[in-house]
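To start, the structure under review is shown below, and the notes come after it.
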Amino acid sequence: MEPIQNPFESYTGANSLRSPRSLKLYFAILLTLAWVISSNGLSIGVILLVAPFVFFYLFMFFKFPQLGLYTMVFLGFILLGLNRYVKGIQGGMIMDGVFALSYISLFFKNYYTRVDWKPAAKDITALAAIWAAYGAFGFFNPELVSTEAYFATVRGVSFYMLLMVPLALMLLNTNKHVDAFFVLWGILSILATTKGLWQLYVRPDPWEQAWLDAGAYTNHIVFGKLRVFSFLSDAGQFGANQAYTGVVFLILASGTKNRNRKIFYIITGLLGIYGMFISGTRGAITVPFAGFLLYSIIRKKFNITISVMTFLVIAYVFFKFTSIGQNVDQIRRMRTAFDPNDKSFQLRLSNQKKMKLYLATRPFGGGIGHAGSKALKYLPYSFLANTATDSWYVMIWAEQGIVGLVLHLFILFYIIIKASYYIMVKIRDPILKIKMTALVCGMMGIMVAAYGNAVLGAFPTGMMIYISMAWLTNPLILDTPQGNDPASGSLPETVNGTLLPASSNRD
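Numbering (the numbering used here), first residue to last: 674 to 1180.
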């Protein structure tokens, strides 16, 4: 029998400090760091401090390429808002870099074998490629004036979908990945609403106040009341994204039996809806209306349909025909979304009439990157740059013409219809069914809201929509032994080892 060794006497890495030679080496390193910091300033010290974490992150990135997609979701939430604190951050370039790293890591992961692209060879990838090709051909649009404006815009509008969808199909192909996606999304959304509550009930921080004072107040201070924007780009994006979160997570909660997850989903969903209200983004109210309407149809249950429809009718009557809660700023502002005579709505209609005349002879639009306020930097005197687009669809129409708009709408509705069909007919696993239902209803809500705000392709909503597209058009990859990994709790129901037939319903 071997003698028991005292753990306090065992040799560990810390014992190396007892060596005079090691002590001299560590002391020399500390002196070198002190000299570098004193000579080059604190910034170099921060870089040296952060460097080990960056190397560890890159190591994990290449070991688990899925980290790239989760990173893009995270960055989508914070990148544009970071410009208030650190000027000159190029969000698009950073996102491009993460895309590049993701594909490089995919190749390194399969260094000794060929990358199997079959999981990405799907209809949604083909549609994304067609949309990207149309955007690429936009470079030859005779109406194109500024190539700088084109390249600044085309990546996010035309190419990100093509870059994101294959990665999602190849890397996020189990329910464990889907659950991790929801957890990350939920945590970031809770933080976003929490930050928004601080802005509303305490005050914006000094950097946010400076951003407001520099001109953002024109859209974010309405009758002396702050439209909350959190750490996102603006109140419009914050409101729509939080409404999207509310729809998705409340639907998830309705079909989740795990107590802890249900609580997490309910808290996230309710905070999302509250975030929508405090944003003062009127168009965001259409997200829950459209999302829950589709939910009532997809569920195919009479009691659910009646309950949801009754709730939506009551909500519509509340906003449209009553003055209840009119003394509450958020309710009063949301109520104007139901007024067809609202001045803002009428101005948008007037701008669209002008667009219609301008685009009558331009079926391919006026050039990508050439419409709306973002184009003023490149084309300060052009008609399109000085005419507000507001809507995502009006922007697509103005820049890519009626041809581009029809193609874009076809792709979006193809996804909604196909996903709804799979949910209603094909998917066996009720837990997976509720996940896909939540995603398709959230996407439907954003599609409707995109008429009033350019939110569909913007950060962070666009990143989550593109990942969702991969799952929604190919949900059966998750309804298999590979997709239904035990860690997700999403295995098809069995009795004595026998798989129950597809008609079995546990909803």
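Built from N, CA and C at the ideal position, the CB exists for glycine as well.
Open item on the list: Quick check on Pro877: buried or exposed, where buried means 16 or more other Cβ atoms within 10 Å of its Cβ?
Closed with: Taking the sequence shown and counting its residues from 1, the one referred to as residue 877 is at position 204. With 16 or more neighbouring CB atoms inside 10 Å of its own CB, Pro877 falls in the buried class.
TODO: Would you check if there are 3 or more beta carbon pairs closer than 8 Å linking the segment 1074-1094 to the segment 796-808?
DONE: Segments in contact, yes.
- [ ] Within the same chain, show all residues whose beta-carbon is closer than 6 Å to that of Asn756, passing over the 5 residues directly before and after it, in chain order.
- [x] Within the sequence shown, residue 756 is the residue found at index 83, counting from 1. Result list for Asn756: Ile762, in chain order.
TODO: Could you spell out the range, first to last residue, of the alpha helix (DSSP H) harbouring Trp1065?
DONE: For the purposes of this step, residue 1065 is taken as the residue at position 392 of the sequence shown. Counting along the chain, the alpha helix (DSSP H) containing Trp1065 begins and ends at Trp1065 to Tyr1094.
TODO: List the whole-angstrom C-beta distance separating Leu925 from Ala1122, where the pair is believed to meet the contact cut-off of C-beta under 8 Å.
DONE: Looking up residue 925 in the sequence shown gives position 252. Looking up residue 1122 in the sequence shown gives position 449. Contact between Leu925 and Ala1122 is ruled out by a C-beta separation of about 20 Å, above the 8 Å threshold.
Task: Closer than 8 Å to chain B by CB, Leu836 - done: Within the model displayed, chain B is absent; a lone protein chain is all it includes.
Task: Residue nearest to Val1079 in terms of C-alpha spacing, selected from Ala701, Tyr1066 and Phe1011 - done: Working through the sequence shown from its first residue, we reach residue 1079 at position 406. Closest option to Val1079, judged by alpha-carbon separation, among Ala701, Tyr1066 and Phe1011: Tyr1066.
Open item on the list: Using 8 Å for Cβ pairs, my map puts Gln999 next to Arg1006. What's the rounded Cβ distance?
Closed with: As a first step, residue 999 must be located in the sequence shown, where it is residue number 326. As a first step, residue 1006 must be located in the sequence shown, where it is residue number 333. Not a contact, Cβ separation roughly 11 Å.
Open item on the list: Cutting at 7 Å between CB atoms, please list the residues of its own chain near Pro1133, excluding the five before and the five after it.
Closed with: Numbered from 1 along the sequence shown, position 460 holds the residue referred to as residue 1133. Excluding residues within five positions, the ones whose Cβ falls inside 7 Å are Val746, Gly749, Phe750 and Asn914.
- [ ] Determine the contact status of Met949 and Gly888, defining contact as a CB-CB distance below 8 Å.
- [x] Looking up residue 949 in the sequence shown gives position 276. Looking up residue 888 in the sequence shown gives position 215. No.
Task: Ile762 in three-state terms, based on DSSP - done: For the purposes of this step, residue 762 is taken as the residue at position 89 of the sequence shown. Looking at Ile762 - three-state DSSP - the assignment turns out to be coil, as it is neither helix nor strand.
Task: Alpha-carbon to alpha-carbon, Glu881 and Trp871 - done: For the purposes of this step, residue 871 is taken as the residue at position 198 of the sequence shown. For the purposes of this step, residue 881 is taken as the residue at position 208 of the sequence shown. Taking the straight line from one Cα to the other gives about 12 Å.
Open item on the list: With the cut-off set at 8 Å, would you say Gly764 and Ile1041 are in Cβ contact?
Closed with: Here residue 764 is taken as the residue at index 91 of the sequence shown, counted from 1. Here residue 1041 is taken as the residue at index 368 of the sequence shown, counted from 1. Taking 8 Å as the Cβ cut-off, Gly764 and Ile1041 do not qualify as a contacting pair.
TODO: Find out if the Cβ-Cβ distance for the pair Ala841, Leu774 is shorter than 8 Å.
DONE: As a first step, residue 841 must be located in the sequence shown, where it is residue number 168. As a first step, residue 774 must be located in the sequence shown, where it is residue number 101. At least 8 Å separates the beta-carbon of Ala841 from that of Leu774.
- [ ] State the start and end residues of the unbroken alpha helix (DSSP H) segment that holds Lys1002.
- [x] Here residue 1002 is taken as the residue at index 329 of the sequence shown, counted from 1. According to the sequence displayed, residue 1002 carries Asp and not Lys. Per DSSP, Asp1002 belongs to the alpha helix (DSSP H) from Asp1002 to Arg1008.
- [ ] Quick one: residues in its chain with C-beta nearer than 7 Å to the C-beta of Asp1158, no 5 flanking neighbours on either side, listed in chain order?
- [x] Mapped onto the sequence shown, residue 1158 falls at position 485. Interpretation of Asp1158 is limited by its pLDDT of 48, a score under 50 that renders its predicted location unreliable; the figure taken from the coordinates is listed afterwards. Spatial neighbours of Asp1158 in its own chain (CB-CB distance under 7 Å, excluding positions within 5 residues in sequence) are listed in chain order as Thr847, Asn848 and Lys849.
TODO: Count the other CB atoms, across all protein chains shown, that sit within 10 Å of the CB of Ser819; report buried if there are 16 or more and exposed otherwise.
DONE: Indexing the sequence shown from 1 puts residue 819 at position 146. That one is buried.
Task: Rounded C-alpha distance that separates Phe832 from Asp1063 - done: For the purposes of this step, residue 832 is taken as the residue at position 159 of the sequence shown. For the purposes of this step, residue 1063 is taken as the residue at position 390 of the sequence shown. Cα to Cα, Phe832 sits roughly 22 Å from Asp1063.
Task: Nonlocal neighbours in the same chain, by C-beta distance under 8 Å from Ala802, ignoring five residues either side - done: Taking the first residue of the sequence shown as 1, we reach residue 802 at position 129. Answer for Ala802: Leu835, listed in chain order.
Open item on the list: Quick check on DSSP: helix, strand or coil for Ile987?
Closed with: For the purposes of this step, residue 987 is taken as the residue at position 314 of the sequence shown. In the structure shown, Ile987 sits in a helix (DSSP, three-state: H, G or I).
TODO: Could you work out which residue in Asp1102, Tyr1051 and Ala1033 is closest to Gly928 when comparing CA atoms only?
DONE: The sequence position of residue 928 within the sequence shown is 255, counting from 1. Of the candidates Asp1102, Tyr1051 and Ala1033, the one whose C-alpha sits nearest the C-alpha of Gly928 is Asp1102.
- [ ] For the segment 787-820, list the alpha helix (DSSP H) runs that are entirely contained and at least 4 residues long, ordered along the chain.
- [x] Here the runs fully enclosed are 796-810.
Open item on the list: Could you tell me the alpha carbon to alpha carbon distance between Gly754 and Phe904, rounded to whole angstroms?
Closed with: What you label residue 754 is simply residue 81 of the sequence shown in a count that begins at 1. What you label residue 904 is simply residue 231 of the sequence shown in a count that begins at 1. For Gly754 and Phe904, the distance between alpha carbons rounds to 5 Å.
TODO: Specify, as a first and last residue, the run of the alpha helix (DSSP H) that Ile940 falls within.
DONE: Mapped onto the sequence shown, residue 940 falls at position 267. For Ile940, the enclosing alpha helix (DSSP H) starts and ends at Arg932 to Ser952.
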